[in-house]
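Participant:
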Amino acid sequence: MAAYILRRVMGAVLLLLVVSAVTFAIFFLVPRLGGQTADQLATQYVGKDANPESVAAIKQNLGLDQPVYVQYWDFIKGLVIGADYKFGPDATHCDAPCFGYSFKNHVEVWPQLLERIPVSFSLAVGAAVIWVVFGVTTGVVSALRKGKPIDRGAMFIALAGVSLPIFFTGQILLALFVYEIPIWDSVDYVPFTENPAEWAWHLVLPWVSLAFLFSALYARLTRAGMLETMNEDYIRTARAKGLKESTVVAKHGLRSALTPIVTIFGMDFGTLVGTAVLTETVFSLQGIGAYAVQSIQTNDLPIIMGVTLVAAFFIVFCNLIVDLVYAAIDPRVRYS
């Protein structure tokens with residue numbers, strides 16, 4: 001088991017390095033291949049009203065007059081030990097992990113991301129709990145009651161959930177429960193450490209909006225997996241041994257059907273933490289997704305690059321956790 005974990009961790013670290021290299025190439029190498037000069041690249045980072053002094057400072061700080069591999073090495077060093085940015089007689093130190101420096105807003109990228117990660121993480125955690133519990137439960141019940149009214153009703157609701165986009169369901173929830181029936185005064189983020197009850201109460205509508213979409217998908221996946229699993233020979237053997245039906249369903253049927261659920265859960269959760277763009281925009285939550293939209297609108301390239309790397313990290317990390325959960329669900333994975 002230790003060797004399996006070590007292999008997966010090393011693979012995750014290698015994948016993060018590849019992602020960082022590809023991301024860096026998109027922002028620094030591809031424009032060069034497209035014919036842009038170092039001065040043109042520096043102008044993009046400082047803005048349209050850049051003067052020659054600021055362009056020269058950005059070019060020096062980012063090493064745009066250096067080979068790309070030197071720039072990438074400096075970028076990796078910044079992530080590990082930090083980086084220094086000089087503006088004439090003034091200098092700014094970016095503490096590790098340094099994901100870059102916004103020359104338009106004159107702020108470090110990482111502290112700005114660190115302020116917004118709890119918002120996105122809270123949004124993803126609450127919604128994930130709801131959609132997994134309701135989605136998996138609905139899928140199991142539908143599979144065990146195949147063809148009956150409860151199965152057809154659940155799948156109809158699941159189809160509606162998959163079909164309706166988040167920005168539509170989010171606006172409907174806001175219109176109903178904030179404006180028409182003011183159960184909620186507003187949807188704001190309250191830090192969990194300040195007031196856990198207020199934290200949960202103010203995030204109920206975003207959670208429900210996200211969970212309605214994802215629980216529908218998980219219900220359909222669980223139903224399909226359970227229908228296939230419950231017809232296996234070992235299920236009939238377990239019943240022939242006299243095991244309780246609840247034990248057969250939970251221990252033998254559902255456990256085998258969880259593999260695709262765990263896979264898609266890792267992808268969904270990692271993506272939500274990194275880029276819950278639509279939900280954060282609809283409910284005006286200042287998470288990483290909303291921060292990415294704002295940086296794209298202002299063409300703040302260091303922030304866009306930082307958000308991309310953080311989002312990639314969460315996706316890779318969640319997939320690593322999925323690999324480890326596989327080993328717990330199915331021991332055969334450890335030896336594959």
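Numbering-wise, my numbering puts 256 at position 256 of the sequence shown, and it's gapless, one number per residue. Ideal placement from N, C-alpha and C gives every residue a C-beta, glycine not left out. Just so it is clear, the structure is predicted and the values come from calculations on it, not from any experiment.
1. Just to confirm the assignment, what range does the alpha helix (DSSP H) spanning residue 91 have?
2. If you compare alpha carbons, which of 144, 279 and 291 is closest to residue 337?
3. Is it the case that the Cβ atoms of residue 60 and residue 77 are separated by a distance below 8 angstroms?
4. Mind checking which residues open and close the alpha helix (DSSP H) that includes residue 200?
5. Output yes or no for whether 8 angstroms exceeds the beta carbon distance between residue 113 and residue 103.
6. If distances are taken between C-alpha atoms only, which option among 90, 139 and 6 comes closest to residue 228?
7. Taking the alpha carbon of residue 338 as the reference point, which residue from 121, 37, 118 and 94 has its own alpha carbon closest?
8. From residue 22 to residue 96, what distance separates their C-alpha atoms?
9. Would DSSP call residue 218 helix, strand or coil?
10. Counting pairs of beta carbons, one from the stretch 154 to 161 and one from the stretch 184 to 199, are three or more of them closer than 8 angstroms?
11. Is it the case that the Cβ atoms of residue 270 and residue 304 are separated by a distance below 8 angstroms?
12. Could you tell me whether the Cβ atoms of residue 135 and residue 214 are closer together than 8 angstroms?
13. Please classify residue 280 as buried or exposed, where buried requires at least 16 other C-beta atoms within 10 Å of its C-beta.
14. Along the chain, where does the beta strand (DSSP E) containing residue 104 start, and where does it finish?
15. What separation, rounded to the nearest whole angstrom, lies between the Cα atoms of residue 19 and residue 83?
16. Using a Cβ-Cβ cut-off of 8 angstroms (strictly less than) and excluding sequence neighbours within five positions of residue 12, which residues of its own chain qualify?
17. Just list the residues that DSSP pairs residue 87 with in beta bridges.
18. With a Cβ-Cβ cutoff of 8 angstroms, do residue 142 and residue 255 count as a contact?
19. Can you give the Cα-Cα distance for residue 57 and residue 35, rounded to whole angstroms?
20. Quick check: residue 209 and residue 169, are their CB atoms within less than 8 angstroms of each other?
21. Do you know how far the Cα of residue 128 is from the Cα of residue 211?
22. For residue 193, does the three-state DSSP call read helix, strand or coil?
23. Report buried or exposed for residue 267, applying the criterion of at least 16 other Cβ atoms within 10 angstroms of its Cβ.
24. Relative to the C-alpha of residue 120, which residue among 180, 38 and 311 is closest?
25. Assuming contact is defined by CB atoms lying nearer than 8 angstroms, are residue 221 and residue 264 in contact in what I supplied?
26. Can you tell me whether residue 98 is helix, strand or coil according to DSSP?
27. DSSP three-state label for residue 243, please.
28. If you drop the 5 nearest sequence neighbours on each side, which residues of the same chain put their C-beta closer than 7 angstroms to that of residue 313?
29. Using the Cα positions of residue 137 and residue 288, report the straight-line distance between them to the nearest angstrom.
Facilitator: Taking the structure as given:
1. Taken as a continuous stretch (DSSP letters only), residue 91 belongs to no alpha helix (DSSP H), being part of the beta strand (DSSP E) at 90 to 94.
2. Nothing in the structure corresponds to residue 337, since the chain is present only between 1 and 336.
3. no
4. 196 to 202
5. no
6. Closest by alpha carbon: 139.
7. Any property of residue 338 remains undetermined from this structure, which presents the chain solely from 1 to 336.
8. 21 angstroms
9. helix
10. no
11. no
12. Yes.
13. buried
14. Looking at the DSSP string, residue 104 is not in any beta strand (DSSP E), and its letter there is neither H nor E.
15. Roughly 21 angstroms between the two C-alpha positions.
16. In its chain, beyond the 5 residues on either side, 316, 317, 319 and 320 have a beta carbon closer than 8 angstroms to the beta carbon of residue 12.
17. 90
18. no
19. 21 angstroms
20. Cβ atoms of residue 209 and residue 169: closer than 8 angstroms.
21. 7 angstroms
22. coil
23. exposed
24. It is 311 whose Cα lies nearest to the Cα of residue 120.
25. yes
26. Residue 98 sits in coil when the DSSP states are folded into three classes, being neither helix nor strand.
27. coil
28. 16
29. Computed Cα separation, rounded: 31 angstroms.
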